[in-house]
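For the sequence shown, the residue numbers in full-length UniProt numbering are 1 to 208.
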Amino acid sequence: MIRKFFYIYLIAALLIITGAVILFLRVWMYDLIISSIFVLSPNSLIYEFWRKPPVIVKTHFYFFNWTNPEEIFNSTSKPKFEQVGPYIFKVETEKVNITWNKNHTVTFRMFQQYYFDEENSKGKLSDMITTLNTVTVSAAHKLRYESYFKKKGFSFSLGVLSPTLHIVKPVGQLLFDGYEDPYVDIYNALPFLKDNSPDIDRVGFLYG
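#1: Among the candidates 200, 58, 41, 166, whose CA atom is the shortest distance from the CA of residue 81?
#2: Using a Cβ distance threshold of 8 Å, determine whether the stretch 68-84 contacts the stretch 96-103, with at least three qualifying pairs required.
#3: Taking residue 89 and residue 115 to be in contact with their CB atoms under 8 Å, please state how far apart those CB atoms are, rounded to whole angstroms.
#4: Pick out whichever of 205, 182, 183 has its Cα sitting closest to the Cα of residue 171.
#5: Specify the secondary structure class of residue 172 as computed by DSSP and reduced to three states.
#6: Alpha carbon to alpha carbon, what distance is there between residue 126 and residue 133?
#7: Do you know how far the Cα of residue 113 is from the Cα of residue 85?
#8: Pick helix, strand or coil for residue 86, following the three-state DSSP scheme.
#9: Using the Cα positions of residue 164 and residue 49, report the straight-line distance between them to the nearest angstrom.
#10: Does residue 109 come out as helix, strand or coil in the three-state DSSP assignment?
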């Protein structure tokens with residue numbers, strides 16, 4: 001009988017000790033699991049998924065083709081636009097130049113690659129789009145508060161280059177490939193226009 005009670009007390013003591021150890025280690029184990037799964041670090045399980053997500057995102061681009069640009073100076077006519085697209089791109093994203101800082105933050109550069117999905121797109125990158133000449137309009141807007149001489153110089157360039165308020169370019173150039181424009185060369189050649197901005201060689205909504 002004494003031996004029986006001894007074993008009962010021994011088992012009970014072991015259970016109590018085991019429970020106390022588990023209770024004591026619960027917080028530590030919880031922190032360990034959370035840090036290994038959810039806390040971002042080079043050794044965490046989610047690091048590679050964060051650095052280069054395996055999911056490919058699709059981006060849709062639409063354009064509004066200007067169908068009556070020749071009537072821009074006709075006060076009785078309204079501009080007419082026709083929606084074209086979508087032009088679908090598969091986007092692969094990767095974080096590069098990753099730096100782990102001492103203040104427990106991380107800095108990086110986002111690198112994205114776009115792949116044209118011609119099969120599911122309603123159009124080709126060679127489709128011609130008539131749209132606003134954003135370079136000429138932006139230049140005029142930038143110089144609106146500048147000195148008389150700068151404005152006069154811009155006005156003179158308008159007379160020499162004779163740009164129109166619209167351009168006709170393929171979708172590929174408008175998006176990623178970019179297109180050449182004489183005002184870009186002027187912009188790069190005149191330091192007072194740049195305001196410490198970097199040189200540009202082509203124009204495109206997502207060029208560069």
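Note that the Cβ used here is the ideal one computed from N, Cα and C, for glycine as well.
Reading from the atomic positions:
#1: Counting from 1 along the sequence shown, the entry for residue 81 is found at position 81. That would be 166, whose Cα lies nearest to the Cα of residue 81.
#2: Contact fails: fewer than three Cβ-Cβ distances are below 8 Å.
#3: Position 89 of the sequence shown, counted from the first residue, corresponds to residue 89. Position 115 of the sequence shown, counted from the first residue, corresponds to residue 115. With a Cβ gap of about 6 Å, residue 89 and residue 115 count as contacting.
#4: For the purposes of this step, residue 171 is taken as the residue at position 171 of the sequence shown. Of 205, 182, 183, the residue nearest in Cα terms is 205.
#5: Locating residue 172 in the sequence shown gives position 172, counting from the first residue. Three-state result, residue 172: helix.
#6: Here residue 133 is taken as the residue at index 133 of the sequence shown, counted from 1. Here residue 126 is taken as the residue at index 126 of the sequence shown, counted from 1. Residue 133 and residue 126: Cα-Cα distance of roughly 19 Å.
#7: The sequence position of residue 85 within the sequence shown is 85, counting from 1. The sequence position of residue 113 within the sequence shown is 113, counting from 1. Distance between the alpha carbons of residue 85 and residue 113 is about 20 Å.
#8: Counting from 1 along the sequence shown, the entry for residue 86 is found at position 86. Residue state, collapsed to three classes: strand.
#9: In the sequence shown, counting from the first residue as 1, residue 164 sits at position 164. In the sequence shown, counting from the first residue as 1, residue 49 sits at position 49. Approximately 48 Å between the Cα atoms of the pair.
#10: Within the sequence shown, numbered from 1, the residue matching residue 109 stands at position 109. Note: residue 109 maps to strand in three-state DSSP.
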